[in-house]
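So the protein sequences, as listed, match chains X and B. Note that our numbering has the first sequence beginning at 122, numbered continuously upward. Note that our numbering has the second sequence beginning at 615, numbered continuously upward.
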Amino acid sequence: MTARSIRVAVAATLATALSLTAAACSNPDSAKSGSGSGSTSAVVGIAYEPDSLSPLLGYGKDGNSKIFDGLLALDVDMKLRPALAAQLPEVSADGLTYTYKLRQGVKFSDGKAFGAKDVVFTYRTILDEKTNNPSRTELDAVKDVTAQGEDTVVFTLKYPYAPFAQRTVLPIAPEHIAGRQDVNTGAFTTEPVGTGPYVLTKWSKGEKLSFTANPDYWGGAPEVKKFTMAIIKDDDVRATRLRSGDLDGAILPPNLAKGFADDKAKKTYAANSYDYRTVTLPTNNKVAGDTAVRRALDVAVDRQAMVDAILNGSGKPAYGPVPTDSEWFTKGTERTHDLAAAKKILDEAGWKPGKDGVRVKDGVRATFPLWYLSGDKLRQEHALAYASDAKKAGIDIRTEAGTWEVIEPRMKHDAVLAGGGSPADPDFDQYTLLKSSLAGDGFNNMAWYDNKAVDAAIEAGRKSGDKAERKKAYDTVQRELVKNPGYTFLTHIDHLYVVDDRFGALTTQVEPHDHGLASGPWWNVEKWSTGNTGDAKQ
Amino acid sequence: MSRRLPWGPMARMAGRRALFAVPVLGVVTFGVFAVAAASPFDPVKAYAGTAGLTASQENLDQLRANLGVDQPLVARWWDWLTSAVQGDFGDSSVMRQPVADVIAERMGWSVLLAATAFLVAILLGTGLGVLAARRPGGWLDRCVSSVAYTLEAAPAFWLGLLAIWFFALKLDVLPAGGLTDAASDVVTFGQVASHLVLPAAVLGISQLPWFFLYVRQGVADALAEDPVRGARARGLSERTVLLGHALRSGMLPMLTLIGSRVPELITGALLVETVFSWPGIAAATVQAATSVDFSLLAALTVLATAAVLLGNLLSDLLYGLADPRVAFDG
């Protein structure tokens, strides 16, 4: 038998076998239900699936949880507005007491009234160390939370913490349900009940989350009556299902989003983000910990080339955790790519080129390893580009791939290509990245960065309730990062979404590193318009 | 068969096997705990997910204590075993649910998939095997045999991806994955049936070659034996000879195969469920393993081990029934 005839035979038999089984199993009555055809339903494809839907375990802690509401919520410009609270909180002069008046007449989707006891229950449960909530650290400042009557909740803090109000977008769970079961494994973690615009109808793990509109939502019943989030980890499959009409919208990497550029029936949205990629330069490494090396690397790296080549233009050069278009960014701290300047810095500091082109100082070769998460193509490309730029300045960076289990024990001495970013407040990123007392604490301050001026400034930034004072503090931090860059920030990454045109013009928020189901143009799906006016309500 | 079934010896064999299964299950669960503990994956990191990347060390240490993974290996295993014996399989850390709930939710879908696939493999394998054995070296035999050898070497997940590419992407006739369409919330018979086709076909076809090759060999051998020659000499129809005589004796080795294919079926289901996002137990196994979810992992291993032991018992029983010369071990 020739190779060709075998191939034909293989194909023929395979097809016969498959069609035989197909005929044997399929139900002749089954009609493939057309999805996404009704204008009051929307199906979106996301790459991420929450582990739990319980706010007590960390679900929706940054807002937009669909099923729940926080005391406050963030609008399209990332400004706080009241949600379950009737107005923004009153803050005492010493910044230690936050008083929230609650919205009246709000009901959970099971019909029971929402009240101060639910807020107290939610926060106290999260703060309880028996609750397996990995984000509890974010509420470290809270000393106590108490109800004053039915409609007022008072938070007392251990220390003045200016961004505290941003933390209260955290969703509120009903005490009468969640309080009666095991917080870590009870049914509430998969069958949540909240006050939010949508009610969960089904969570088929690994497949999809289905929601239906809450007709009694206090903010008005959503027009999109049925909302489904299909969990599709594979980018190509997500793109294909979007093209076939199975999905109305999806998050896509730049190269696949490009394929929809000419599709008249679909719109592409690029969401700005705080999602940075950075290289940690550990203080304990003889080379990476050297200020001259850090400063040289900071200008030797060609950030714009990374944006163009790695991100296909969907992103921005990053000079610190704060993106250049943020109101908190310090103008004038942009670094221009300047290889000659990098070489000059190294020469002056005594790092002289050796025979192989790699610089040497006091017998120490300018070389260190750079780890990236294996399988993460984006980080790999950033790491390779960084190493190649460093090589031109005479610094030999060896890129190595590993899982976090491999990388974590090496973080004290080896550089890591890390990512992160929370947009709600400048404190969120900078405190954990730069505070010297957090060096080596879990994944906080991975570079063991230690700078007294920065420590003082970020402490001042979180304590002061005055915006101008805070801005001054974060300006100091960003200027100090120019003088002693313990991290080389590379890029801020835009997140791309493609959505069906029939929902009109949509908006996106500034997005964090973890762009889970709360991000994307569907951050406010409850406000989407399904009419023919073509405009989404704000 | 009109003769009375030998219930006594069969029950004795089942009882003996059940007794033997107890230490096996104990050893297997301990093995799972030991391997999971030795693996580089950290259950706390897996539990915390991305939140763990910003959590403080104190927060992570508290989680470690809450999840009970700071206990020594033997203590953890013993705790699990003693409560499992009393019917409490513990809580799954990755699913945030009691293990019993996870299994109850998913077991049915896995059984449906595996049973359909097994049926496809047995029926198709037997049918094609008989046809191929009728004319060894004929075009059907040569085609199917070469395909069978190819399939034997093809991993199930590769077949799965190929099937998705062809039937879901190119032809767009069958859904690529899931239990129902993305927009549909209710699990209807029609939806499940159309979504079952590809995974069941792929899993069935990956098991098919063994059944086909066994039947083909068995029937071809039987066709050369005296009883068949005798039957032909008596002028019986070819159909009776083939199905009544040759197939019946050629089927014997296949009964053993049914038992021994069960572990392969479970491994195959593991890959197929992952590829097709089928919400079954095997997909949960993968998640449990990578998250070092001790309770869930151990419970699932017990299930898989039990399935293998049952499969072996079943094939031995069938063998004993089909061939009276074989005793129910002693």
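We treat Cβ as the ideally placed atom computed from N, Cα and C, and that holds for glycine.
Mind pulling the chain X residues with CB within less than 8 Å of residue i?
{"i": "B/Leu677", "result": "Asn253 and Pro255"}
Could you give the first and the last residue of the continuous alpha helix (DSSP H) run that contains residue i?
{"i": "X/Phe549", "result": "Pro547 to Leu555"}
{"i": "X/Trp492", "result": "Segment Thr488 to Leu494 is the beta strand (DSSP E) holding X/Trp492; no alpha helix (DSSP H) there."}
{"i": "B/Ser874", "result": "Leu866 to Val889"}
{"i": "B/Asp715", "result": "Val713 to Arg748"}
{"i": "B/Met627", "result": "Trp621 to Ala652"}
{"i": "X/Met350", "result": "It is not in any alpha helix (DSSP H) - X/Met350 instead sits in the beta strand (DSSP E) that spans Lys347 to Ile352."}
{"i": "B/Phe803", "result": "Phe803 to Leu837"}
{"i": "X/Leu467", "result": "Leu460 to Glu469"}
{"i": "B/Pro657", "result": "Pro657 to Ala662"}
{"i": "B/Trp691", "result": "Leu687 to Val699"}
{"i": "X/Trp324", "result": "Not the alpha helix (DSSP H): X/Trp324 falls in the beta strand (DSSP E), residues Tyr319 to Ser325."}
{"i": "B/Gly774", "result": "Ala770 to Ala777"}
{"i": "X/Phe285", "result": "Phe285 to Arg288"}
{"i": "X/Thr277", "result": "It is not in any alpha helix (DSSP H) - X/Thr277 instead sits in the beta strand (DSSP E) that spans Thr273 to Leu278."}
{"i": "B/Thr919", "result": "Phe908 to Ala936"}
{"i": "B/Arg678", "result": "Gln671 to Leu681"}
Along the chain, where does the beta strand (DSSP E) that runs through residue i open and close?
{"i": "X/Val537", "result": "Ala536 to Gly541"}
{"i": "X/Tyr390", "result": "Lys387 to Ala392"}
{"i": "X/Phe332", "result": "Lys329 to Ala334"}
{"i": "X/His634", "result": "No beta strand (DSSP E) holds X/His634; DSSP gives it neither H nor E."}
{"i": "X/Glu521", "result": "Asp517 to Gly523"}
{"i": "X/Tyr618", "result": "His616 to Asp621"}
{"i": "B/Val842", "result": "Per DSSP, B/Val842 belongs to no beta strand (DSSP E); it is in the alpha helix (DSSP H), Asp840 to Ala847."}
Can you pull the chain X neighbours of residue i, defined as C-beta to C-beta under 9 Å?
{"i": "B/Gln685", "result": "By Cβ distance, chain X contributes nothing, its closest Cβ being about 16 Å from B/Gln685, past 9 Å."}
{"i": "B/Tyr661", "result": "Asp172, Asn253 and Pro255"}
{"i": "B/Phe826", "result": "In chain order: nothing, as chain X lies at least about 10 Å away."}
{"i": "B/Thr899", "result": "Residues of chain X passing the Cβ test: none, with the nearest at roughly 12 Å."}
{"i": "B/Ser670", "result": "Arg257, Thr258, Asp261, Thr553, Leu559, Asp562, Gly563 and Asn565"}
{"i": "B/Pro893", "result": "Ser325, Lys326, Gly327 and Glu328"}
Relative to the ligand ATP, is the shortest distance from any of its heavy atoms to the C-beta of residue i smaller than 8 Å?
{"i": "X/Ile528", "result": "This structure simply doesn't include the ligand ATP, nor any ligand for that matter."}
Alpha carbons only, please: which of the options is nearest the one belonging to residue i?
{"i": "X/Phe106", "options": "X/Pro633, X/Asp621, X/Lys498 and X/Ser650", "result": "One cannot answer for residue 106 of chain X here, as it falls past the ends of chain X, which runs 122 to 659."}
{"i": "B/Leu879", "options": "B/Pro893, B/Val829, B/Phe890 and B/Trp824", "result": "B/Trp824"}
{"i": "X/Glu502", "options": "X/Trp449, X/His297, X/Asp429 and X/Gly641", "result": "X/Asp429"}
{"i": "B/Gln711", "options": "X/Ala413, X/Phe242, X/Ile518 and X/Ser173", "result": "X/Ser173"}
{"i": "X/Gly475", "options": "X/Ala508, X/Ala463, X/Thr445 and X/Ala514", "result": "X/Ala514"}
{"i": "B/Ile819", "options": "B/Asp693, B/Gly722, B/Ala679 and B/Leu773", "result": "B/Leu773"}
{"i": "B/Gly751", "options": "B/Gln831, B/Pro769, B/Ser874 and B/Thr919", "result": "B/Gln831"}
{"i": "X/Asp576", "options": "X/Ala506, X/Glu601 and X/Asn253", "result": "X/Glu601"}
{"i": "X/Ser256", "options": "B/Met721, B/Ala898, B/Ala662 and B/Leu775", "result": "B/Ala662"}
{"i": "B/Val642", "options": "B/Leu869, B/Asp937, B/Tyr763 and B/Thr915", "result": "B/Thr915"}
{"i": "B/Met865", "options": "B/Val725, B/Leu727, B/Gly743 and B/Leu850", "result": "B/Gly743"}
{"i": "B/Val725", "options": "B/Gln901, B/Ala902 and B/Trp892", "result": "B/Trp892"}
{"i": "X/Ala487", "options": "X/Leu260, X/Asn406, X/Lys387 and X/Pro203", "result": "X/Asn406"}
{"i": "X/Asp446", "options": "X/Tyr338, X/Val646, X/Ala413 and X/Pro544", "result": "X/Pro544"}
{"i": "X/Ile372", "options": "X/Asp383, X/Arg364, X/Gly366 and X/Ala360", "result": "X/Ala360"}
{"i": "X/Pro606", "options": "X/Gly232, X/Arg362, X/Tyr618 and X/Asn566", "result": "X/Asn566"}
{"i": "X/Lys584", "options": "X/Gly441, X/Lys452 and X/Ala283", "result": "X/Ala283"}
{"i": "X/Phe285", "options": "X/Pro642, X/Leu627 and X/Tyr219", "result": "X/Tyr219"}
{"i": "X/Leu554", "options": "X/Trp649, X/Ala378 and X/Tyr608", "result": "X/Tyr608"}
Residues of chain D with CB under 8 Å from residue i, in chain order?
{"i": "B/Leu793", "result": "No chain D appears in this structure, whose protein chains are X and B."}
Starting from the beta carbon of residue i, find every residue of chain X whose beta carbon is closer than 7 Å, and list them in chain order.
{"i": "B/Thr664", "result": "Asp635"}
{"i": "B/Asp786", "result": "Ser365"}
{"i": "B/Asp1024", "result": "Lying before the first or after the last residue shown, residue 1024 of chain B is absent from chain B, which here runs from 615 to 944."}
Below 8 Å on C-beta distance, what does residue i contact in chain B?
{"i": "X/Asn305", "result": "Asn680, Asp705 and Arg710"}
{"i": "X/Gly179", "result": "Ala665"}
{"i": "X/Glu250", "result": "Gln676 and Asn680"}
Assuming residue i contacts residue j under a Cβ cut-off of 8 Å, what Cβ separation, rounded to an integer in Å, is found between them?
{"i": "B/Leu910", "j": "B/Met709", "result": "7 Å"}
{"i": "X/Ile466", "j": "X/Leu491", "result": "At roughly 20 Å, the Cβ-Cβ gap does not stay under 8 Å, so X/Ile466 and X/Leu491 are not in contact."}
{"i": "X/Asp510", "j": "X/Ala421", "result": "5 Å"}
{"i": "X/Pro403", "j": "X/Ala568", "result": "5 Å"}
{"i": "X/Lys385", "j": "X/Thr161", "result": "The Cβ separation is near 23 Å, so there is no contact."}
{"i": "X/Val690", "j": "X/Tyr395", "result": "This structure gives no information on residue 690 of chain X, because the portion of chain X shown stretches from 122 to 659."}
{"i": "B/Leu793", "j": "B/Ala731", "result": "Incorrect: roughly 16 Å between the Cβ atoms, too far for contact."}
{"i": "X/Gly541", "j": "X/Asp550", "result": "6 Å"}
What are the uninterrupted segments assigned as beta strand (DSSP E) that are 3 or more residues long and contained completely in the segment 580-607 of chain X, given in chain order?
-> Whole beta strand (DSSP E) segments, 3+ residues: zero.
Runs of alpha helix (DSSP H) wholly within the segment 355-439 of chain X (minimum 4 residues, chain order) = Within the segment 355-439 of chain X, complete alpha helix (DSSP H) segments of at least 4 residues are found at 356-364, 375-378, 412-421 and 424-430, given in chain order.
Segments assigned beta strand (DSSP E), at least 3 residues, entirely inside the segment 156-241 of chain X | Listed in chain order, the complete beta strand (DSSP E) runs (minimum 3 residues) inside the segment 156-241 of chain X are 162-167, 193-195, 201-203 and 218-222.
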